Amino acid sequence: GNGSQFFRLRQELVVALTTITQSSPADGETGVAVTRETIVHFSLSLADTTVLTANNFYATFGGRRILSRIELASDRHKATLFYLEPLPGSARINVFFDSEGLTDSLGRPLDPSGSGKAGGFKLIQFDTLSLTPLAGTAVIGRVFASELQPGPDTGTNAVNKPLAGVTITVDGME
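Heads up: the sequence shown begins at -8 in our numbering, then just goes up one per residue.
As structure tokens, this is what we get:
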């Protein structure tokens, strides 16, 4: 008509900052094996230039850092903290993920705690299992292979195949 103008409005798609979506062990988990690693999953992949250091991802117990090494998955969606020493039994382990200097694949800083603000850290706490021996307990039995062997008759009746010289270990009690 008489000078009408039409405008098309569009909404910008806002992608939330990259967070830690899940961890293993989970925050607050109990009875965690002393040989277990810690894994964190990210909502978006980290930048190709990202290098995780012992200042970004580490664990502590009793005020001391636990010896460990870090591996970032090839898809950059997951980081694993492998412990180079057994975790102490009956202990509260504190795992820190500090996002200082890290960016995601879009070049944005991380929000590991999911606070909605860039930067900061995520604390994951878990308790390891008790290694206190229980009086009057023992590991007793026989160990069999996962394959069957022919029975003593014509070979049609298979039986479990026993294994000799097997060593049994209990987590933390090597």
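All C-beta atoms in this analysis are idealised placements derived from N, C-alpha and C, irrespective of residue type, glycine included.
All of these numbers come straight from a predicted model, not from anything done at the bench.
Determine, using beta carbons only, whether L110 and P100 come nearer to each other than 9 Å. Position 119 of the sequence shown holds residue 110. Position 109 of the sequence shown holds residue 100. Residue identity check: residue 110 is Gly in the sequence provided, not Leu. Yes.
Would you identify the three-state DSSP class for N148, choosing helix, strand or coil? To locate residue 148, count along the sequence shown from 1; it is residue 157. It is coil, neither helix nor strand.
Within 10 Å of its beta-carbon, does L43 have 16 or more other beta-carbons around it, so buried, or fewer, so exposed? Residue mapping note: residue 43 aligns to position 52 of the sequence shown, counting from 1. L43 is buried by the Cβ-count criterion.
Inter-residue Cα distance where the pair is G127 and V23: Mapped onto the sequence shown, residue 127 falls at position 136. Mapped onto the sequence shown, residue 23 falls at position 32. For G127 and V23, the distance between alpha carbons rounds to 24 Å.
Burial state of V157 (16 or more Cβ within 10 Å): For this step, residue 157 is matched to residue 166 along the sequence shown. With fewer than 16 Cβ atoms within 10 Å of its Cβ, V157 is classed as exposed.
Between which residues of its own chain and V150 is the CB-CB distance below 7 Å, once the five residues before and five after are set aside? In the sequence shown, residue 150 corresponds to position 159, counting from 1. Around V150: L139, Q140, G142.
Contact between the segment 76 to 91 and the segment 50 to 65: three or more CB pairs below 8 Å? yes
Which parts of the segment 93 to 154 are runs of the beta strand (DSSP E), unbroken and 3 residues or longer, counting only runs that do not cross its ends? 112 to 118, 135 to 140, 150 to 153
So, with DSSP's three-state summary, where would you put H32? On the sequence shown, position 41 is the one that residue 32 refers to. H32 falls in the strand class under three-state DSSP.
Let me make sure I understand the geometry here. Which of G98, G132, E91, R83 has the alpha-carbon closest to that of T119? As a working mapping, residue 119 is identified with position 128 in the sequence shown. Taking only the C-alpha atoms, the option nearest T119 is R83.
For G(-6) and K108, the rounded distance between their alpha carbons: Looking up residue 108 in the sequence shown gives position 117. Looking up residue -6 in the sequence shown gives position 3. Straight-line Cα distance between these residues: approximately 45 Å.
Across which residues does DSSP place S15 in a beta bridge pair? Sequence index remark: in the sequence shown, residue 15 carries index 24 (1-based). In DSSP, S15 forms a bridge with I30.
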